[in-house]
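Each residue of the sequence shown is one higher than the one before, counting from 1 in the UniProt record's numbering.
Report on the structure given below.
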Amino acid sequence: SLVVLFGATAGAYGAKLGSDERELILLVWQVVDLPSKKVGTLHKSLVKADNLELSDQCREVSGLTPEGLGKAEPLDRVLQQFSQLVSSDLKVLGRSSYTLCSDGQLLIRQVLHPETSKKNFLLSDCFYSFYDLRKEFHTCYPSSAAVKDQTIKTMAEYLGLGTDETEEDFGVWQVKTMVAIIFSMLSESCNHIFTEPETVKYKYETGPCSKSETVDSETVIRARGLPWQSSDQDIARFFKGLNIAKGGVALCLNAQGRRNGEALVRFVNSEQRDLALERHKHHMGSRYIEVYKATGEEFLKIAGGTSNEVAQFLSKENQVIIRMRGLPFTATQEDVLGFLGPECPVTGGKEGLLFVKYPDGRPTGDAFVLFSCEDYAQNALKKHKEILGKRYIELFRSTAAEVQQVLNRYMSTPLIPTLPTPIIPVIPPPYTIATGSVRDCVRLRGLPYTAGIDDILEFMGDATGDIKPHGVHMVLNQQGRPSGDAFIQMKSADKAFMVAQKCHKKMMKDRYVEVFQCSGEEMNFVLMGGTLNRSGLSPPPCKLPCLSPPAYAAFQTAAAVIPAEAALYQPQALLPATRTPQATAAAPPAVTYYPAQAAQLYMNYTAYYPSPPVSPTTVGYIAAPPGAVAAAATATHTPILPQPGALVRMQGLPYNTGMKEILSFFQGYQYAPDDYNGLIQLSDQARSVLQAPKEWVCL
């Protein structure tokens with residue numbers, strides 16, 4: 001038997017049913033016995049929603065009113081009545097089992113399952129399997145319209161059935177017409193058989209994902225704005241009613257290994273993905289979640305892995321994964337098992353533990369643990385911030401994708417001896433960088449995040465002719481995204497004043513932009529990470545004396561192509577004025593070296609735009625090998641400074657350690673600041689720090 005089901009919400013109707021997150025207000029159904037072609041009683045039930053406000057479309061189409069709905073039963077009661085009435089109708093027809101049949105998939109997948117999940121009550125098993133009348137109709141009549149274009153009215157018109165909706169109440173006509181369509185499909189000319197129902201997964205299945213897998217880009221979405229503590233099960237609950245692929249939830253991590261509020265979700269097919277996109281700005285608790293299209297490559301980058309150890313660890317299916325963070329570096333498997341205790345046994349004992357290590361085998365303090373059920377995992381989470389040894393341990397829910405990400409991140413951590421070798425010298429002509437207290441610069445605040453240099457030049461209008469060469473500097477935040485600020489070097493203080501007066505609060509892309517006059521020194525301080533506001537100027541940490549990177553003997557003087565990413569970083573305004581011990585000393589030439597792959601390795605670690613000078617992990621600041629420096633010196637006939645010194649690597653620093661504390665730590669082993677050679681000014685396409693590194697003297 002089939003139970004023909006029709007429903008409506010307090011919001012959108014038709015193809016947008018459920019997309020506005022409105023509650024169900026109407027259910028209409030009727031039992032159809034397929035062998036005997038008999039029908040049961042037609043039932044219509046109003047549903048009392050928590051929010052009785054109806055949309056204009058709902059009022060017009062359904063004719064329902066808030067007053068009438070206020071007297072109805074809530075959804076859980078209506079569903080109980082539905083089960084009872086269907087069972088009695090089946091008994092009358094001499095049947096015991098049935099399958100739902102609805103007009104499309106929206107009522108089941110986009111309305112009933114999400115709403116009952118939010119209201120924390122379970123649907124009966126009958127709602128996890130149903131027939132889509134539109135698909136069945138297209139299978140029976142291949143020459144009819146495409147499935148996505150079908151409606152009850154178009155199917156009735158194709159069969160020549162009556163289509164006057166005004167003859168019956170809203171919902172009643174729809175169910176009667178669906179029953180008539182089914183009987184036409186059962187006629188001798190068609191003899192259609194209902195054999196393959198649509199299914200809804202009961203729960204999300206976890207599992208590993210290999211980088212060698214092929215992931216269809218038409219099945220992947222990106223969810224943004226997730227609470228940081230949300231797990232893969234929370235995300236699966238948000239998409240309740242849609243079928244997520246096994247291991248298809250991948251929580252994204254930031255550069256520090258923490259969740260950034262985004263996730264990539266892979267569905268079983270493109271149809272499910274398209275339904276997921278309709279949940280854009282639906283709510284998870286009090287937060288709305290943005291849903292966008294994503295690609296299979298993005299999913300594999302986050303969720304894919306190549307480690308056999310990880311694959312073996314994740315091979316145990318339907319396990320709850322807990323991440324432990326802050327373990328003592330000396331902690332063993334026995335220590336972790338003892339910490340968890342007998343009330344939360346680990347699946348497989350020691351085999352259910354996975355310690356995260358660096359490529360050289362050193363522990364990171366992270367580990368992942370498998371539990372066979374939710375109760376054991378909950379007991380483990382109660383030990384959050386309990387002490388093991390002399391350290392408190394943090395415990396969080398985790399996912400298979402997070403295990404892959406953390407392992408991939410640590411196992412691919414670049415080590416100094418393994419930096420790429422191809423480099424290329426670039427000798428650009430020097431030019432002047434604004435310094436001092438002359439107020440010949442302007443600061444633009446409140447720029448649209450999509451604004452580029454071309455937009456700024458258009459915004460400046462006729463004043464663009466008064467901008468110094470290479471004088472436009474965009475400011476990025478710590479995530480490498482536009483901050484809405486920019487600095488512009490003008491040819492004089494008068495020009496800067498005129499621009500500030502003319503362009504202040506002028507519109508750019510529907511936003512007004514504030515324009516202030518400032519000095520070159522203030523500009524450099526902000527570009528280097530300082531702050532400039534009404535409270536005054538706060539200098540950046542990199543204005544303190546700092547060490548230059550050493551020369552790496554591993555580098556070879558082989559020519560290579562400058563990576564395209566390096567052209568994005570043109571931070572000449574970052575560099576402060578060069579300090580020269582003697583006025584007559586000749587300035588060394590500007591030599592820049594771009595490692596062919598270093599840009600990709602370190603681009604994510606750029607903190608500011610431009611990044612702090614003399615940073616060994618920043619593109620453009622890797623010291624040149626002596627051979628290449630000598631070659632550049634020969635080409636320019638200018639003496640080059642030597643490159644003595646040694647590299648000191650420090651481990652175990654407190655997280656709040658700054659440059660000042662490090663220099664104080666080495667007090668007594670450092671050359672005088674006067675021996676420090678300043679930064680060298682470069683062109684827009686290249687920059688570098690070419691100086692004599694500090695020598696560390698250990699007595």
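C-beta atoms are modelled at their ideal positions from N, C-alpha and C, and glycine is treated no differently.
- Buried or exposed: where does Q312 fall if 16 or more other Cβ atoms within 10 Å of its Cβ makes it buried? exposed
- Query: From what residue to what residue does the beta strand (DSSP E) around S129 run?
  - Reply: S129 to D132
- Can you tell which of V320, E262 and F267 has its C-alpha closest to the C-alpha of residue 700? As shown, the chain starts at 1 and ends at 699. That puts residue 700 outside it, with no answer to give.
- Simplified DSSP assignment, three categories, for Q84: helix
- Message: What does the alpha-carbon distance come out to for the pair G94 and L407?
- Response: 59 Å
- Of all the CB atoms in chain D, is at least one closer than 8 Å to the CB of D234? Among the protein chains of the structure shown there is no chain D, as only one such chain exists.
- Under a three-way DSSP split, which group does D510 fall into? coil
- Message: Among the candidates K281, A250 and G296, whose CA atom is the shortest distance from the CA of N269?
- Response: G296
- Could you say which of L353, Q405 and F339 lies nearest to I387 if we only look at CA atoms? F339
- Message: Looking at the strands, I want to know which residues DSSP matches up with E198.
- Response: F130
- Between G465, K495, D510 and L106, which lies nearest to Q272 when the distance is taken from Cα to Cα? For Q272, the nearest C-alpha among the options comes from L106.
- Query: Nearest-angstrom Cα distance between L527 and K293?
  - Reply: The straight-line gap from Cα to Cα measures roughly 34 Å.
- Query: DSSP puts L26 in a beta bridge; with which residues?
  - Reply: A8 and L46, per the DSSP bridge assignment.
- Query: For Y98 versus S36, is the C-beta distance shorter than 8 Å?
  - Reply: no
- Under a Cβ-count criterion, where at least 16 other Cβ atoms within 10 Å of its own Cβ denotes burial, should V438 be classed as buried or exposed? exposed
- Message: Taking DSSP's pairing of strands, which residues face G305 in a bridge?
- Response: Paired residues: S210.
- Query: What's the gap between the Cα of I456 and the Cα of R224?
  - Reply: Rounded to whole angstroms, I456 to R224 spans 29 Å at the Cα level.
- Query: Exposed or buried, what is L122 when buried is set at 16 or more other beta-carbons lying within 10 Å of its beta-carbon?
  - Reply: exposed
- Query: Hey, which unbroken runs of the alpha helix (DSSP H) at 4 residues or more fall wholly within the region 232 to 312?
  - Reply: 232 to 238, 270 to 277 and 296 to 303
- Task: Give the DSSP bridge partners of R649, in chain order.
- Result: Note: R649 sits in no beta bridge, so no partner.
- Out of Y410, D335, D360 and T347, state which residue places its alpha-carbon closest to the alpha-carbon of I393. D335
- Task: Give the straight-line distance between the Cα atoms of M650 and I662, rounded to the nearest whole angstrom.
- Result: Each residue's Cα considered, the two are about 9 Å apart.
- Query: DSSP puts L17 in a beta bridge; with which residues?
  - Reply: Paired residues: none, contrary to the question.
- Could you tell me the distance, in whole angstroms, from the CA atom of F299 to the CA atom of S217? 9 Å
- Item | Q378 classed as buried or exposed, judged by whether at least 16 other C-beta atoms fall within 10 angstroms | exposed
- Item | Of the residues G446, G365 and D466, the one placed nearest G652, counting alpha carbons only | G365
- Among R397, R109, K509 and R325, which residue has its Cα nearest to the Cα of E278? R109
- Task: Grab the span of the beta strand (DSSP E) containing H470 for me, first residue to last.
- Result: Unbroken beta strand (DSSP E) run through H470: I467 to L476.
- Query: Is it true that the region 54 to 65 meets the region 7 to 17, where meeting means three or more beta-carbon pairs spaced less than 8 Å apart?
  - Reply: yes
- With distances taken between CB atoms, is the gap from P227 to M185 smaller than 8 Å? For P227 and M185, no; Cβs fall outside 8 Å.
- Query: According to DSSP, is I322 helix, strand or coil?
  - Reply: Correct three-state label for I322: strand.
- Message: Quick check on DSSP: helix, strand or coil for R109?
- Response: helix
- Task: Look at the Cβ atom of G305, then the Cβ atom of Q404, and state whether they are nearer than 8 Å.
- Result: yes
- Hey, could you find the ends of the beta strand (DSSP E) I193 is sitting in? Segment: none, I193 is in no beta strand (DSSP E) and carries neither H nor E.
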